[in-house]
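A.B. asks: Quick note, the sequence shown lines up with residues 43 to 314 if you use this note's numbering. In this text, a Cβ means the ideal position worked out from N, Cα and C, and glycines have one as well.
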Amino acid sequence: MYNFNGKLNPSTPLIMGILNVTEDSFYDGGKYTTEAAVLERASQILAEGGDIIDIGAMSTRPNALEIPEEEEISRIVKAVRTIRAHFPEAVLSIDTYRASVADAALQAGADMINDISGGTFDPEMIPTVGKWQVPYCLMHTTTKPDTMQQNTHYEDILADMLKFFGTQLEKLHEHFVHDIIIDPGFGFGKTLEQNYFLMKNLEVFHQLGYPLLIGISRKSMIYKLLGTTPDHALNGTTVLNTISLMKGASILRVHDVKEAVETKIIWERMMT
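See the structure below:
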């Protein structure tokens with residue numbers, strides 16, 4: 043279904059490790075802002091068994107504000123070039139909703155685009171992905187991060203999301219993009235109750251015919267439910283990652299790669 047420029051053709055679920063070169067991401071903001079720190083994190087993701095490194099240069103946490111386009115491009119391109127120079131075979135994903143950032147990152151050597159807006163924030167994103175013919179993660183959200191948690195009303199959340207994905211898939215197909223991954227967008231324009239309703243009904247999205255990426259790592263749907271903080275949400279993350287695999291997830295997007303790989307190994311053993 044997806045081949046990441048020939049680097050991966052998975053028959054089992056993949057683990058996507060998060061590398062935020064940001065100042066204000068909700069869990070690890072400010073940790074990876076130097077070249078040495080970026081390389082150390084990339085090395086850790088790969089050493090722990092991560093299949094994909096997902097690089098983000100602008101926080102998309104609830105209430106996050108945009109940074110200048112030039113700043114996002116500079117951060118992304120520097121990180122991609124740095125990692126590519128040391129780990130030439132690594133699969134690099136770019137977490138952005140701006141077409142200009144995607145284009146610059148792909149020129150620098152990135153392999154795929156992970157767009158939280160599913161092509162709705164920047165009309166040039168889908169044409170750009172079509173130009174490069176790279177895998178594209180199509181995520182659902184309502185509005186930009188600064189207002190998304192004030193836009194959580196749905197007539198029928200499953201029907202509304204399926205309609206959204208159907209519309210965006212048509213646009214992608216018009217640009218000959220077929221290497222697509224679906225992400226329900228946990229925590230993006232959804233209440234805690236809606237997030238768990240989606241997890242309970244995750245199988246619904248298989249009808250779209252594309253692999254599912256699940257990103258719930260240390261999110262508020264875990265730590266708010268448990269009355270704790272992101273720092274203490276690893277156990278809850280592992281529980282939901284296990285449920286996601288049981289419901290057919292193809293990619294787990296995580297901060298804690300080692301734990302996610304172990305989760306996958308145990309799940310695979312149970313499935314044999």
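At 4 residues or longer, what runs of the alpha helix (DSSP H) sit wholly inside the stretch 208-267?
C.D. replies: You should have 234-242.
A.B. asks: Buried or exposed for residue 211, please, with buried defined as at least 16 other CB atoms from any protein chain shown within 10 angstroms of its CB.
C.D. replies: As a first step, residue 211 must be located in the sequence shown, where it is residue number 169. By the neighbour-count rule (16 or more Cβ atoms within 10 Å), residue 211 is buried.
A.B. asks: On a CA-only basis, which of 187, 171, 199, 305 is nearest residue 161? Give me that one, please.
C.D. replies: By one-based count along the sequence shown, residue 161 stands at place 119. Closest option to residue 161, Cα to Cα, is 171.
A.B. asks: Residue range of the beta strand (DSSP E) that residue 296 falls in?
C.D. replies: Looking up residue 296 in the sequence shown gives position 254. Looking at the DSSP string, the run of the beta strand (DSSP E) that includes residue 296 is 293-296.
A.B. asks: For the alpha helix (DSSP H) that contains residue 115, what are its first and last residues?
C.D. replies: The sequence position of residue 115 within the sequence shown is 73, counting from 1. Here the alpha helix (DSSP H) through residue 115 covers 111-128.
A.B. asks: Whole angstroms is fine: what's the gap from residue 152's alpha carbon to residue 294's?
C.D. replies: Within the sequence shown, numbered from 1, the residue matching residue 152 stands at position 110. Within the sequence shown, numbered from 1, the residue matching residue 294 stands at position 252. Roughly 19 Å between the two C-alpha positions.
A.B. asks: When the distance is taken between beta carbons, is residue 196 closer than 8 Å to residue 224?
C.D. replies: By 1-based counting over the sequence shown, the position of residue 224 is 182. By 1-based counting over the sequence shown, the position of residue 196 is 154. Going by C-beta atoms, residue 224 is not nearer than 8 Å to residue 196.
A.B. asks: Where DSSP assigns a beta bridge to residue 58, which residues make up the other side?
C.D. replies: Indexing the sequence shown from 1 puts residue 58 at position 16. Residue 58 is bridged to 94, 295.
A.B. asks: Thinking just about the alpha-carbon of each residue, which of 237, 130, 61 is nearest to the one in residue 97?
C.D. replies: Residue mapping note: residue 97 aligns to position 55 of the sequence shown, counting from 1. That would be 61, whose Cα lies nearest to the Cα of residue 97.
A.B. asks: Report the rounded CA-to-CA distance for residue 79 versus residue 63, giving the unit in angstroms.
C.D. replies: Here residue 79 refers to the residue found at position 37 of the sequence shown. Here residue 63 refers to the residue found at position 21 of the sequence shown. The alpha-carbon atoms of residue 79 and residue 63 are separated by roughly 9 Å.
A.B. asks: Please work out which residues of its chain come closer than 8 Å, Cβ to Cβ, to residue 300, disregarding the five sequence neighbours upstream and downstream, and give them in chain order.
C.D. replies: Walking along the sequence shown from the start, residue 300 turns up at place 258. The answer, listed in chain order, is 90, 91.
A.B. asks: Using 10 angstroms around the beta-carbon of residue 237, count the other beta-carbons present and answer buried if the total reaches 16, otherwise exposed.
C.D. replies: Here the question's residue 237 lines up with position 195 in the sequence shown. So residue 237 counts as buried.
A.B. asks: Just verifying my parser: in three-state terms, what is the DSSP assignment at residue 193?
C.D. replies: Locating residue 193 in the sequence shown gives position 151, where the first residue counts as 1. Coil.
A.B. asks: With a 10 Å radius around its C-beta and 16 neighbouring C-beta atoms as the bar for buried, classify residue 19 as buried or exposed.
C.D. replies: The structure shown has nothing for residue 19, since the chain only spans 43 to 314.
A.B. asks: Per DSSP, which residues does residue 155 bridge with? Please list them.
C.D. replies: Walking along the sequence shown from the start, residue 155 turns up at place 113. Paired residues: 136, 178.
A.B. asks: For residue 230, count neighbouring C-beta atoms within 10 Å of its own C-beta (all shown protein chains included) and say buried if the count is 16 or more, exposed if not.
C.D. replies: Taking the first residue of the sequence shown as 1, we reach residue 230 at position 188. Residue 230 is buried by the Cβ-count criterion.
A.B. asks: From which residue to which residue does the alpha helix (DSSP H) around residue 144 run?
C.D. replies: Residue 144 sits at position 102 when you count from the first residue of the sequence shown. It spans 141-150 - the alpha helix (DSSP H) in which residue 144 sits, taken as one unbroken run.
A.B. asks: Please report the distance separating the alpha-carbon of residue 308 from that of residue 287.
C.D. replies: Taking the first residue of the sequence shown as 1, we reach residue 308 at position 266. Taking the first residue of the sequence shown as 1, we reach residue 287 at position 245. Cα to Cα, residue 308 sits roughly 11 Å from residue 287.
A.B. asks: How would you call residue 281, buried or exposed, if buried means at least 16 neighbouring beta carbons within 10 angstroms?
C.D. replies: Here residue 281 refers to the residue found at position 239 of the sequence shown. Exposed, because fewer than 16 other Cβ atoms sit within 10 Å of the Cβ of residue 281.
A.B. asks: Candidates 123, 296, 166, 100: which alpha carbon is nearest residue 148's?
C.D. replies: Counting from one through the sequence shown, the residue named residue 148 turns up at place 106. The shortest Cα separation from residue 148 among 123, 296, 166, 100 belongs to 123.
A.B. asks: Can you tell me whether residue 203 is helix, strand or coil according to DSSP?
C.D. replies: For this step, residue 203 is matched to residue 161 along the sequence shown. Of the three classes helix, strand and coil, the one that applies to residue 203 here is helix, per DSSP.
A.B. asks: Starting from the C-beta of residue 102, find all residues in its chain whose C-beta is less than 7 Å away, skip the five residues before and the five after it, and write them out in chain order.
C.D. replies: Walking along the sequence shown from the start, residue 102 turns up at place 60. So the list reads 158, 187, once near-sequence residues are dropped.
A.B. asks: Closest by CA to residue 141, which one among 111, 120, 258?
C.D. replies: Residue numbering aside, residue 141 sits at position 99 when the sequence shown is read from its first letter. Closest by alpha carbon: 111.
A.B. asks: For the alpha helix (DSSP H) containing residue 286, name the first residue and the last one.
C.D. replies: The residue you call residue 286 lines up with position 244 of the sequence shown. Where residue 286 is concerned, the enclosing alpha helix (DSSP H) stretches over 276-288.
A.B. asks: Comparing C-alpha positions only, which one of 174, 180, 190, 246 sits nearest to residue 201?
C.D. replies: Translated into the one-based positions of the sequence shown, residue 201 becomes position 159. Checked all of 174, 180, 190, 246; the closest Cα to residue 201 is 246.
A.B. asks: Check the C-beta distance from residue 129 over to residue 84 and give it rounded, since I have them as a contact under 8 Å.
C.D. replies: Mapped onto the sequence shown, residue 129 falls at position 87. Mapped onto the sequence shown, residue 84 falls at position 42. Contact holds; Cβ gap of about 6 Å.
A.B. asks: Does the separation of the CB atoms of residue 57 and residue 303 fall below 8 Å?
C.D. replies: The count along the sequence shown starts at 1 and reaches residue 57 at position 15. The count along the sequence shown starts at 1 and reaches residue 303 at position 261. Cβ atoms of residue 57 and residue 303: closer than 8 Å.
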